[in-house]
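To keep things clear, I will list the structure first and then write my remarks on it.
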Amino acid sequence: MDMGAYLSSGPLPTEEFLPEDAATGTPAFSANIELVQQLASMGFSQVRCENALYATGNSDLESAMNWLLAHLDDPDIDKPVSVNSGVTPTEHDIEKIQQLGEMGIDAKQASRALSATGGDVNRALDWVFSHPEGSDDDNEMSTAQETGSTAQPETPGKTDLPAKYTLQSLVCHKGGSLHAG
């Protein structure tokens with residue numbers, strides 16, 4: 000089977016690559032003033048109210064109140080919300096990187112995870128375990144960033160011709176469920 004006719008010619012001159020970091024275009028978070036005032040009238044500080052509204056999507060009073068009550072003992076509940084603060088991965092809090100390091104995560108991976116999760120250690124830990132495949136690509140990206148390279152990424156795949164393949168096997172499932180057939 001000749002697949003040469005389906006070989007991509009690469010990106011067109013009119014095409015633009017999407018930015019790797021989706022957070023660059025994210026507007027800063029601004030809490031709903033009315034909801035902040037209602038939560039503050041219940042005795043919560045402004046910072047806690049803003050954190051609750053940020054965590055619940057700035058949606059409604061009840062969900063923000065439930066979040067506040069569930070997270071009263073969080074150590075970082077009194078830290079202000081910092082969305083898209085412009086912190087680079089190397090500028091993350093050393094204590095957070097060390098904390099993730101104690102769990103067996105290397106510093107580069109911890110920095111990437113903290114960048115992706117806004118500096119939240121718990122979410123960063125979850126991010127590391129749900130993104131194990133990105134370590135090689137991220138190392139290449141960080142090397143390119145360190146050298147100041149702004150070139151377009153190399154198109155993945157092979158360009159060798161002829162692109163001829165031979166079908167070796169075919170799997171056909173005939174059954175009423177996944178367990179039979």
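Following numbering that gives the first Met the number 0, the numbering of the sequence shown begins with 0 at its first residue and continues without gaps.
For every residue, glycine included, the Cβ atom is placed at its ideal position computed from N, Cα and C.
Assigned secondary structure, D125 (DSSP; H/G/I helix, E/B strand, else coil): helix
Opening and closing residue of the alpha helix (DSSP H) in which I104 lies: Segment: none, I104 is in no alpha helix (DSSP H) and carries neither H nor E.
Enclosing alpha helix (DSSP H) for I76 [first to last residue]: Per DSSP, I76 belongs to no alpha helix (DSSP H) and is neither H nor E.
Just the C-alpha distance for G85 and A162, rounded to the nearest angstrom, thanks. The predicted position of G85 is uncertain, since its pLDDT is 47 and thus under 50; no value can be drawn from it.
How would you call L68, buried or exposed, if buried means at least 16 neighbouring beta carbons within 10 angstroms? exposed
Let me check understanding here. Comparing Cα to Cα, which of G56, R47 and L60 lies closest to L71? R47
Alpha helix (DSSP H) containing Y5: first to last residue? Unbroken run through Y5: none, as it is neither H nor E.
Assigned secondary structure, K95 (DSSP; H/G/I helix, E/B strand, else coil): helix
What first and last residue would you give for the alpha helix (DSSP H) that runs through A183? Residue 183 lies beyond the stretch modelled for the chain, which goes from 0 to 180, so this question has no answer here.
Taking all protein chains shown into account, do 16 or more other C-beta atoms lie within 10 angstroms of the C-beta of I96, making it buried, or fewer, making it exposed? buried
Pair every Cβ in the segment 100-113 with every Cβ in the segment 125-132, then say whether three or more of these pairs are closer than 8 Å. yes
For I104, is the classification buried or exposed, using 16 other Cβ atoms within 10 angstroms of its Cβ as the cut-off for buried? buried
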